[in-house]
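At position 64 of the sequence shown the residue is numbered 64 (the UniProt record's numbering), and the sequence of numbers has no breaks.
Just so it is clear, CB atoms sit at the ideal spot from N, CA and C, and this is done for glycine as well.
From a predicted model like this one, the values you see are computed outputs, not experimental measurements.
Structure, as structure tokens:
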Amino acid sequence: MGQHSASGYQAAPTVNPYGGGPAYPGSKAFVEQHFGPIAGFGSRAGALIIDVLLSIIGLIPMIIGAVMLVGAAPEIDEFGASVPGTADAGMATTGGILIFLGVMLMIGIQVWNRIFKMGRTGQSVGKKAMGITLIGVQTGQPIGALQSFLRELLSGIINQIFYLSYLWMLWDDNKQTLHDKIVSSTVIQVPKP
1 MGQHSASGYQ AAPTVNPYGG GPAYPGSKAF VEQHFGPIAG FGSRAGALII
51 DVLLSIIGLI PMIIGAVMLV GAAPEIDEFG ASVPGTADAG MATTGGILIF
101 LGVMLMIGIQ VWNRIFKMGR TGQSVGKKAM GITLIGVQTG QPIGALQSFL
151 RELLSGIINQ IFYLSYLWML WDDNKQTLHD KIVSSTVIQV PKP
């Protein structure tokens, strides 16, 4: 808060004309007043589902590789022992490589989409499809790849331990997830392309 130049008293905080209390930097009122309406749970969940479906492309080589591994397994005799010379090492190796490449493809898609693309533009493929954008709560600008990486890392850790990060926005006054709070970000609605 700044001081009033004539009286020396503190100036009153900016008030959101739509209600909701003072619009201090980082608050829902501030974000909505300066950058646009906060995105709801449904649009954020929809964007996450689209992003997950995009990375499932990596399952294709993984499934082919798993089938190859099963096909390369040795025959088993009536006593449960493998029959020598019935395994296909080349097919097993190829299957293992395909599984590895599928995992790398899934990770690569997520890193490109949710760290670099979202960090640079504020929108992953899913966020763009749902008409929402990730921004810094103070600046209204995309948060950058490093902050996006930290946000995704914290989201993964928190959701593995508590599974509360995504649900947190349902009762948070500023409609932020825990990982949004930690890196000072939020998600707003924007026109769909």
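Counterpart residues of residue i in DSSP-defined beta bridges
i    : result
G136 : S185
S82  : I76
I38  : I188
Residues near residue i by beta carbon distance below 7 angstroms, same chain, minus five either side
i    : result
S5   : Model confidence at S5 stands at a pLDDT of 45, short of 50, so the residue's coordinates are unreliable and nothing is read from them.
Q141 : I135
A87  : A72, A73 and P74
H179 : R151, L154, S155, I158 and S165
D51  : N113, R114, S124, V125 and G126
A170 : The displayed chain sequence assigns Leu, not Ala, to residue 170. Cβ neighbours of L170 beyond the five flanking positions: F41.
K128 : P193
L167 : none
Q110 : S55
Environment of residue i [buried if 16+ CB atoms lie within 10 Å]
i    : result
S7   : Confidence in S7 is poor, its pLDDT being 43 and thus under 50, which makes the residue's placement unreliable; the coordinate value appears in the next sentence. Exposed.
P191 : exposed
L134 : buried
P193 : exposed
P25  : exposed
V83  : exposed
F41  : exposed
R44  : buried
T139 : exposed
T93  : exposed
G54  : Checking the sequence shown, residue 54 turns out to be Leu, not Gly. Buried: at least 16 other Cβ atoms inside 10 Å.
G108 : exposed
G80  : exposed
T177 : buried
G90  : exposed
F162 : exposed
Close Cβ partners of residue i (< 8 angstroms) along its chain, the five nearest in sequence each way excluded
i    : result
M104 : G58
I38  : K28, V31, E32, N174, K175, T186, V187, I188 and Q189
P61  : L98, I99, L101, G102 and L105
Contacts around residue i, its chain only, beta-carbon distance under 6 angstroms, and the 5 residues preceding and following it disregarded
i    : result
G46  : M130
F149 : I115
P122 : The sequence given here has Gly at residue 122, not Pro. Excluding sequence neighbours, G122 sits near T133, L134, I135 and P142.
K181 : none
G65  : G95, L98 and I99
Touch test, the region 88 to 102 against the region 144 to 162, Cβ-Cβ under 8 angstroms, three pairs minimum: no
Sequence ranges, beta strand (DSSP E) only - wholly within the region 47 to 121, length at least 3: none
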